[in-house]
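K.L.:
Would you mind keeping the following structure in view while I ask a few things?
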Amino acid sequence: MAATVEELYRNYGILADEKEDLSKHKDAYQAILDGVKGGPKEKRLAAQFIPKFFSSFPELADAAINAQLDLCEDEDVSIRRQAIKELPRFASGENLPRVADILTQLLQTDDSAEFNQVNTALISIFKIDAKGTLGGLFSQILQGEDIVRERAIKFLSTKLKMMPDDTMTKEVEDYIFIETKKVLEDVTGEEFVLLMRILSGLKSMQTVSGRQQLVELVVEQAFLEQALNPTDADSVDRLLQCTRQALPLFSKNVHSTRFVTYFCEFVLPNLSLLTSPVAELDIQLEVLKLLAEMSPYCGDMDKLEVNLNMLFEKLLEFMPLPPEEENGENAANEEPKLQFSYVECLLFSFHQLGKKLPDFLIDKISAEKLKDFKIRLQYFARGLQVYIRQLRVALQGKTGDALKTEENKIKVVALKITNNINVLIKDLFHNPPSYKSTVTLSWKPVQKTEAAAIGQKRQSGEDIGATATTKKLPTNLPRRDARQIYNPPSGKYSASIGNFSYERGGFRGGRGRGFGGRGNRSRGRIY
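Following the UniProt record's numbering, the residues of the sequence shown are numbered contiguously, the last one being 527.
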């Protein structure tokens with residue numbers, strides 16, 4: 001029989017007034033538990049009274065937690081919020097993982113105030129026992145319904161970085177790493193990005209060995225042991241996502257060799273066949289930009305000469321012969337297209353790997369091929385000079401807001417691209433070829449030394465999308481000389497994922513190791 005408001009207050013008084021042995025008033029506490037069967041007023045009182053005396057009646061612990069749980073599922077949102085607010089008071093000893101599990105499941109609520117209450121409760125018990133709370137969270141991530149899994153992962157990705165250092169101990173971080181590896185066995189693309197963000201934020205992952213561990217996780221997800229199917233958008237999407245996650249981890253001590261090798265062996269030969277996961281994405285340029293960003297961190301490569309030759313051949317495809325070349329490939333084409341953005345990426349990558357085999361252009365290719373290459377370089381360089389002059393004239397005298405218009409932003413980036421190519425071509429024209437010059441890729445943040453490239457100061461905010469510049473020469477610089485392409489993150493990736501989010505739904509296919517299409521789960525509550 002449900003207790004009335006008067007009975008609840010009377011039994012509360014009995015327990016509150018007892019100064020010595022509360023356990024002898026078990027009947028009074030049971031009456032309070034029965035308050036959950038009453039009306040709204042009785043339930044609100046029960047939600048407050050049950051946790052207050054919970055620790056004094058261990059033999060009624062299960063009954064008390066279940067009673068509070070009933071209130072957490074009440075139809076009245078105000079009762080639910082009150083019950084959720086008090087849940088952390090049950091989180092002691094062996095009860096804490098269960099409370100964490102319950103709170104994790106309650107993340108599925110659509111009421112914003114209630115959702116915030118659940119978050120607050122989870123954070124409070126996390127500070128009591130981080131590992132126990134994580135046990136409840138990961139239990140639901142691995143076994144819970146999809147909506148609960150999604151929100152639990154997002155909770156970890158946003159809240160862990162806010163936890164104090166004395167909570168995030170090495171033991172706790174090790175536990176997160178172990179449990180996250182289990183989750184990574186079956187994830188969607190979006191989940192993979194969030195989980196990598198979680199791991200990348202751990203203090204233990206900031207060391208060289210920690211970053212190397214993260215790279216190993218990404219390598220496993222990227223399926224680098226398998227040949228790429230260039231016409232399968234999901235496979236291409238997976239490779240792009242994984243490469244993006246690995247990029248911020250590479251350094252002079254953590255090498256990109258396996259990724260660079262894979263791109264040279266399986267991606268470059270199929271560049272024109274790549275199927276983009278997103279219609280508006282220039283997939284060829286995107287891939288070349290990723291390769292360029294990785295190339296400075298490439299270590300010793302088993303098939304260096306073979307891979308360098310592949311890069312060289314691909315570079316030739318984008319560097320036309322001059323139109324006056326009789327019987328040449330452009331004999332019938334008076335205006336070859338100079339694809340500056342593609343050439344910047346390929347030339348930069350070739351320049352980086354060429355450092356490892358500096359005699360490639362001297363001893364590894366024929367004299368005829370070297371002559372052909374230099375003719376192409378020379379023609380391209382002439383076109384560059386025309387374009388650079390046009391860009392400088394167009395930007396001359398422009399400062400401040402004038403440089404922030406979309407048209408001028410594009411021109412500024414185009415100038416960066418052409419200047420970069422110009423520097424790299426000069427290096428290769430040395431005899432013997434030199435690989436000493438340093439350039440900053442056009443889509444990377446502007447360096448202070450580059451700020452005067454167009455003859456006046458400008459803000460360093462031109463970290464805008466790189467430009468897929470295709471130019472016919474000679475001609476006046478048109479407004480649409482280039483189109484903006486997605487700018488891959490240049491800083492820490494966990495902070496830039498919003499620039500161009502296409503991870504949703506990108507990893508379809510069967511379940512299994514990594515990026516599997518997680519089937520719909522409908523297990524119901526498993527409190």
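The beta carbon of each residue, even a glycine, is placed where N, CA and C say it ideally should be.
Only a predicted model underlies this, so the values are computations on that prediction, with no experimental measurement involved.
Check L281 in the structure and name its three-state DSSP category.
P.N.:
coil
K.L.:
Anyone know if the C-beta pair for I50 and A64 falls short of 8 angstroms?
P.N.:
Yes, they are a contact pair.
K.L.:
Report the residue ranges of all beta strand (DSSP E) runs contained in full by the segment 209-246; include only those spanning at least 3 residues, in chain order.
P.N.:
The segment 209-246 is shown to contain no whole beta strand (DSSP E) run of 3 or more residues.
K.L.:
Quick check: S23 and F57, are their CB atoms within less than 8 angstroms of each other?
P.N.:
yes
K.L.:
If you count every other CB in all the chains shown that lies within 10 Å of the CB of G136, and 16 or more means buried, which is it?
P.N.:
Buried is the label assigned to G136, since at least 16 other Cβ atoms lie within 10 Å of its Cβ.
K.L.:
Got a sec: is the Cβ-Cβ distance from C242 to anything in chain D below 8 angstroms?
P.N.:
The structure shown contains no chain D; it is built from a single protein chain.
K.L.:
So, helix, strand or coil for K416, using DSSP?
P.N.:
helix
K.L.:
Distance check for Q213 and G35, CA to CA, integer angstroms please.
P.N.:
53 angstroms
K.L.:
I need the straight-line Cα distance from P474 to L338, nearest angstrom please.
P.N.:
Note that P474 scores a pLDDT of 38, beneath 50, so its modelled location is shaky and nothing firm can be said.
K.L.:
What whole-angstrom Cβ distance do L134 and V118 have, given they're in contact under 8 angstroms?
P.N.:
Wrong, their Cβ atoms sit about 16 angstroms apart, outside the cutoff.
K.L.:
Return the first residue and the last residue of the alpha helix (DSSP H) that Q339 is part of.
P.N.:
Looking at the DSSP string, Q339 is not in any alpha helix (DSSP H); the run it does join, the beta strand (DSSP E), is K337 to Q339.
K.L.:
Is Q241 closer than 8 angstroms to V208 when the C-beta atoms are compared?
P.N.:
No.
K.L.:
Between T243 and M294, what straight-line distance do the alpha-carbon atoms span, to the nearest angstrom?
P.N.:
9 angstroms
K.L.:
Check G189 in the structure and name its three-state DSSP category.
P.N.:
Correct three-state label for G189: helix.
K.L.:
On the premise that G210 lies in contact with T257, defined as a C-beta separation below 8 angstroms, what is that separation, rounded to the nearest angstrom?
P.N.:
Contact doesn't hold; Cβ gap of about 19 angstroms is too wide.
K.L.:
If I measure Cβ to Cβ from K355 and keep anything under 7 angstroms in the same chain, skipping five residues before and after, which residues do I get?
P.N.:
Y435
K.L.:
Can you check whether the CB of F177 is closer than 8 angstroms to the CB of A227?
P.N.:
no
K.L.:
Going along the chain, which unbroken runs of the alpha helix (DSSP H) with 4 or more residues stay wholly within the segment 79-118?
P.N.:
For the segment 79-118, whole alpha helix (DSSP H) runs of length 4 or above, ordered along the chain, are 96-105.
K.L.:
Please go through the same chain and pick out, in chain order, the residues whose beta-carbon is closer than 6 angstroms to the beta-carbon of residue 606, but skip the five residues on each side of it.
P.N.:
The chain is shown from 1 up to 527; residue 606 falls before or after that span and cannot be answered.
K.L.:
Using C-beta distances below 7 angstroms, list every residue in its chain close to H25, excluding the 5 sequence neighbours before and after it, in chain order.
P.N.:
A distance below 7 angstroms between beta-carbons, with the five flanking residues on each side excluded, links H25 to the following residues of its chain, in chain order: I14, L15 and E18.
K.L.:
When you compare each of L391, I388, D359 and L384 to H430 by their alpha carbons, which one comes out closest?
P.N.:
D359
K.L.:
Do S157 and R197 come within 8 angstroms of each other at the CB atom, strictly closer than that value?
P.N.:
yes
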